[in-house]
Amino acid sequence: MLDCFNRNIDYLRISVTDRCNLRCTYCMPAEGVAMLNHNDILSFDEIAEIVHYGVEHGVRKVRLTGGEPLIRKGIVNLVSMLSAIRGLDDLSLTTNGILLPEMANDLRKAGLKRVNISLDTLDPEKFASITRKGNVNDVLQGINAAIEAELLPVKLNCVISESSSEPDALMVKQFASEKNIEVRFIHLMNLETGEFSQVEGGEGGYCNTCNRLRLTAHGLLKPCLFSNEGFSVRELGIAEAYRLALKNKPESGSSSTSHNFYNIGG
Ligand code: SAM
Ligand code: SF4
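The sequence shown: position 172 = 273 (our numbering), numbered continuously.
In structure tokens:
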């Protein structure tokens, strides 16, 4: 699929839920998000159909995200359904890692290839304060579980406020090198004001080579993280929603007042 600026769109990021078992200060309100009616959330059959259509038209990579994707009931089944789609070369997932100790093996068996795990600091108190309730040891166990289950390459996502040389980032970098895994440093962003920058060690934020579309848990296909546009697959049909998302993909991101990180998945 080519967009209006000749970029080859082959990557779909899917938010499978708005909800989360943490409350990171830069992502979620302290009280969490309102429970959505189950019928408002795309079913696994609907998600698989949207991925099928995408793959027939050139999508090669899918990443599951959230909210926290591992709290969506039956997520392992969704992974099985998507990994069976011929032509999909890469199926990955971004998680806070908390539930990986109990789920990593099943996810691997279901066909998940790899995971990105979010870790901003190794300091237990700071971690609890950033996530408003998390225990950093749960994430560390999750990282070990992912490595043991061979969800490789395991990559860490580390949000930084100033630079990748700040003390928490340096600690995460050192930890990653001991574990022989990669880290991507993501500058703290603000969707509303459109403050975004490039991901160090990753592909995000480079508008002229952007290859992504995003699907929200309610079925909006969004052309860009930093845009208010979104096209409902339920109202418009899958083909038309893809067509409009592609046609409306901006040359570069501006801002989004219609969505938050927890419902577009970062
Ligand atoms: N719950 C999963 C997790 O935390 O990895 C997946 C969803 S989370 C929204 C995806 C990524 O977005 C995480 O790496 C998170 O750190 C990042 N993120 C959330 N809010 C952000 C913000 N305001 N600026 C930059 N990155 C953000
Ligand atoms: Fe949850 Fe991930 Fe958002 Fe943190 S960044 S609140 S773990 S969705």
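For each residue, glycine too, the CB sits at the ideal point set by N, CA and C.
Non-local C-beta neighbours of leucine 253 in its own chain, meaning closer than 7 Å and more than five positions away in sequence, comprise Arg215, ordered along the chain. Annotation for tyrosine 112: the continuous beta strand (DSSP E) segment containing it runs 112-116. Per DSSP, reduced to three states, the secondary structure at arginine 209 is helical.
Runs of the beta strand (DSSP E) spanning 3 or more residues and lying entirely within the region 153-234 occur at 162-166, 191-196 and 215-219, in chain order. Following the DSSP letters along the chain, one finds asparagine 238 in no beta strand (DSSP E) but inside the alpha helix (DSSP H) bounded by residues 237-249. Around the beta-carbon of alanine 340, fewer than 16 other beta-carbon atoms lie within 10 Å, marking it exposed. The beta carbons of arginine 114 and glutamate 169 sit about 15 Å from each other, so the pair does not count as a contact at 8 Å. The continuous beta strand (DSSP E) containing leucine 314 extends over residues 313-316. Exclusion of the five residues before and after threonine 310 leaves Arg108 and Glu304 as the residues of its chain whose Cβ lies within less than 8 Å of its Cβ.
Taking the Cβ of tyrosine 363 as the reference point, at least one heavy atom of the ligand SAM falls within a distance shorter than 7 Å. Within the chosen limit of 7 Å, the ligand SF4 reaches the beta carbon of cysteine 125 through at least one heavy atom. The residue among Lys256, Val273, Ala342 and Lys162 with its C-alpha nearest the C-alpha of isoleucine 218 is Lys256. For phenylalanine 362, there is no enclosing beta strand (DSSP E); the residue is part of the alpha helix (DSSP H) that begins and ends at 362-365. Going by C-alpha positions, glutamate 147 is about 25 Å away from asparagine 122. Per DSSP, phenylalanine 327 lies in no beta strand (DSSP E) and is assigned neither H nor E. With the rule of 3 Cβ pairs closer than 8 Å, the region 172-190 does not count as touching the region 128-141.
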